[in-house]
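There are 2 protein chains.
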Amino acid sequence: MRAMTRWLDPDEQRTWRAYLAASRALMDTLDRELQRDAGMPHAYYEILVRLSEAPDRRLRMGDLADAAGSSRSRLSHAATRLEASGWIRREDCPTDRRGQVAVLTDAGFAALAAAAPGHVEGVRRHLFDALSPAQVDQLRRISEALADHLTR
Amino acid sequence: MRAMTRWLDPDEQRTWRAYLAASRALMDTLDRELQRDAGMPHAYYEILVRLSEAPDRRLRMGDLADAAGSSRSRLSHAATRLEASGWIRREDCPTDRRGQVAVLTDAGFAALAAAAPGHVEGVRRHLFDALSPAQVDQLRRISEALADHLTR
DNA sequence: CCACTCTTGTTGAACGCTCAACCAAATGGC
DNA sequence: GCCATTTGGTTGAGCGTTCAACAAGAGTGG
């Protein structure tokens, strides 16, 4: 027999539903804006960001997947599309013959540079403008605790 | 000429990335667990929940979409699948001949009852167990402010 | 009563994600 | 050196979501 379910009390219930509604609405909004204004989903934007920050704008596929919080399969599919758009290209890894390295092209960097201001503005408008400085700090601590707990 | 972008300062940057990583990891985990243990994505679970709480376990499609935080199109596709699974059925609305009413079947209620304990346990383990009571309260306020700001 | 507009809900195509299966190369024992 | 296992990455099928287009009924002003 399984242990009894630890149900949510009314406060927790309220918190969970609010969190669900808010984060879904936030991500949906940002995703839609990015798709509309820059022609890419948020997941692709993040891949380009991570690449742009890497030394030489290049990363092993696996490292890129980790950095972007993506599964390997997802990144592989995404890379196929990003390569077709001319925003990245794939090269063989010199030190591991199984490996592939994703490289951000100049066109990819330009696409990112074009998309960034609008997206950042969206993040500010939809997220930070709604919160007090104290809440921003709380949200950071909460998120870090959560991420740490989840990846432990 | 557009106004200059209000870029994120380092603290905001850190908060935003932590939030992104945490909420993505949380939702991915819960979604995967629900899919594995109950054979449904989280979006479908939420549809069933909302229906189960409605009077007579029935709701107009539009109201159900709003309650579940879904677009009408998404709900329509989902309803097609849920109906094929025998978990809901659609009836004509008596007061509006355009309208459809989604009704939770007994099988749907049973599927929900079977899925709920495991899912709630997951929410507790992955979310609430990682946070202090004060943080839960902060998260609720933050989420409510956010949701309010977004739908305003 | 008619025309215009709005609302409700559905549909199909394109797209992105997941999952499982898979290949190739690296690694670790023995 | 060889075989088994692990790691890196890709692939295809199936599913869910989005978007735009659509059909049909409800509401509204004249």
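Top line first, the protein sequences correspond to chains A and B. Okay, so the first sequence: first residue is 1 according to our numbering, each after it adds one. Okay, so the second sequence: first residue is 153 according to our numbering, each after it adds one. Heads up, the beta-carbon is just placed ideally off N, CA and C, and yes, glycines get one too. Here the structure is a predicted model, which means the values were calculated and not measured.
{"Check": "By the criterion of Cβ-Cβ separation under 7 angstroms, what are the contact partners of residue 35 of chain A in chain B?", "Outcome": "By Cβ distance, chain B contributes nothing, its closest Cβ being about 14 angstroms from residue 35 of chain A, past 7 angstroms."}
{"Check": "Given this structure, state the Cα-to-Cα distance separating residue 280 of chain B from residue 106 of chain A, to the nearest angstrom.", "Outcome": "44 angstroms"}
{"Check": "Tell me which residues of the region 241-255 of chain B have at least one Cβ-Cβ distance to chain A shorter than 8 angstroms, keeping chain order.", "Outcome": "none"}
{"Check": "Going by DSSP, what residue range makes up the beta strand (DSSP E) through residue 256 of chain B?", "Outcome": "252-256"}
{"Check": "Rounded to a whole number of angstroms, what is the C-alpha to C-alpha distance between residue 90 of chain A and residue 77 of chain A?", "Outcome": "13 angstroms"}
{"Check": "Are the beta-carbon atoms belonging to residue 51 of chain A and residue 278 of chain B less than 8 angstroms from one another?", "Outcome": "no"}
{"Check": "If the cut is a Cβ gap below 7 angstroms, which residues of chain A does residue 294 of chain B touch?", "Outcome": "131, 135, 138 and 139"}
{"Check": "Straight-line CA distance for residue 109 of chain A to residue 87 of chain A?", "Outcome": "7 angstroms"}
{"Check": "Can you look up residue 248 of chain B in the DSSP assignment and give me helix, strand or coil?", "Outcome": "coil"}
{"Check": "Going by alpha carbons, who is nearest to residue 284 of chain B out of A:123, A:145, A:130 and A:58?", "Outcome": "A:145"}
{"Check": "Could you tell me which of B:158, B:293, B:156 and B:227 sits nearest to residue 197 of chain B, measuring between CA atoms?", "Outcome": "B:227"}
{"Check": "Using a Cβ-Cβ distance under 8 angstroms, would residue 171 of chain B count as near chain A?", "Outcome": "yes"}
{"Check": "Is it true that the region 8-22 of chain A meets the region 165-173 of chain B, where meeting means three or more beta-carbon pairs spaced less than 8 angstroms apart?", "Outcome": "no"}
{"Check": "Could you check what DSSP says for residue 59 of chain A in three-state terms: helix, strand or coil?", "Outcome": "strand"}
{"Check": "Could you name the residues of the same chain whose beta carbon sits closer than 6 angstroms to that of residue 220 of chain B, not counting the 5 residues immediately before and after it, in chain order?", "Outcome": "198, 199 and 202"}
{"Check": "Using a cut-off of 7 angstroms between C-beta atoms, extract the partners of residue 280 of chain B located in chain A.", "Outcome": "12"}
{"Check": "Please state the DSSP three-state secondary structure of residue 125 of chain A.", "Outcome": "helix"}
{"Check": "Could you check which residue in B:205, B:158, B:159 and B:181 has the C-alpha nearest to that of residue 264 of chain B?", "Outcome": "B:205"}
{"Check": "Could you check the C-alpha separation between residue 246 of chain B and residue 182 of chain B for me, to the nearest Å?", "Outcome": "38 angstroms"}
{"Check": "Is DSSP giving residue 241 of chain B helix, strand or coil here?", "Outcome": "strand"}
{"Check": "Checking 8 angstroms against the spacing of the C-beta atoms, do residue 188 of chain B and residue 256 of chain B come in under that value?", "Outcome": "no"}
{"Check": "Taking its Cβ as the centre, do 16 or more other Cβ atoms sit within 10 Å of residue 249 of chain B, making it buried, or is it exposed?", "Outcome": "exposed"}
{"Check": "Take residue 215 of chain B as the anchor and find which of B:253, B:175 and B:292 has the nearest alpha-carbon.", "Outcome": "B:253"}
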